[in-house]
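In what follows, a single structure is set out as structure tokens and then discussed.
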Amino acid sequence: MKNVKRNPQRTCMGCNQKKDKKDLIRIVKNKENKIKIDRTGKQEGRGAYICDNIKCLEKVIKSKRLERTLDTKISQEIYESLRGVILDK
1231 MKNVKRNPQR TCMGCNQKKD KKDLIRIVKN KENKIKIDRT GKQEGRGAYI
1281 CDNIKCLEKV IKSKRLERTL DTKISQEIYE SLRGVILDK
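Going letter by letter, the sequence shown gives residues 1231 to 1319 in the numbering used here.
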């Protein structure tokens, strides 16, 4: 039997669909409670994932799901950065 490499699956916070980790955008809260967009997927800290779909981002902003998941206030700058990342793809 061949060893088949499996891609890690993560759930988008906007649409709740499971997708490959590499296809999602990761948002991280580090030990200093700073929020960053993790393009590498390797930064330390609590992570949350979102599709590269503007509808998912709007849903997350409206429901404040990212704030609840990371247990901290998310600045408008982070949301604007996320919007920029999504629109650049």
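C-beta atoms are modelled at their ideal positions from N, C-alpha and C, and glycine is treated no differently.
What you are looking at is a predicted structure, and each value in this text was computed from that prediction instead of being measured.
CB contact below 8 Å: residue i versus chain C
i            : result
residue 1234 : Looking at the structure shown, chain C is missing, and only one protein chain is on hand.
Proximity of residue i and residue j at Cβ, strictly below 8 Å
i            : j            : result
residue 1249 : residue 1281 : yes
residue 1284 : residue 1316 : yes
residue 1244 : residue 1289 : yes
residue 1219 : residue 1257 : Because residue 1219 is not part of the residues shown, which for the chain are 1231 to 1319, the question remains open.
residue 1240 : residue 1251 : yes
DSSP state of residue i mapped onto helix, strand, coil
i            : result
residue 1268 : strand
residue 1234 : coil
residue 1239 : strand
residue 1318 : helix
residue 1303 : coil
residue 1321 : Here the chain covers residues 1231 to 1319 and nothing more, so residue 1321 does not appear.
residue 1310 : helix
Host alpha helix (DSSP H) of residue i (start-end)
i            : result
residue 1299 : 1295 to 1300
Beta strand (DSSP E) segment containing residue i, residue limits
i            : result
residue 1248 : 1248 to 1250
Beta-ladder partner(s) of residue i, from DSSP
i            : result
residue 1257 : 1267 and 1278
Checklist entry - For the 8 Å Cβ check, are there 3 or more pairs between the stretch 1292 to 1309 and the stretch 1269 to 1278? => result Of all C-beta pairs linking the stretch 1292 to 1309 to the stretch 1269 to 1278, three or more are shorter than 8 Å, placing the two stretches in contact.
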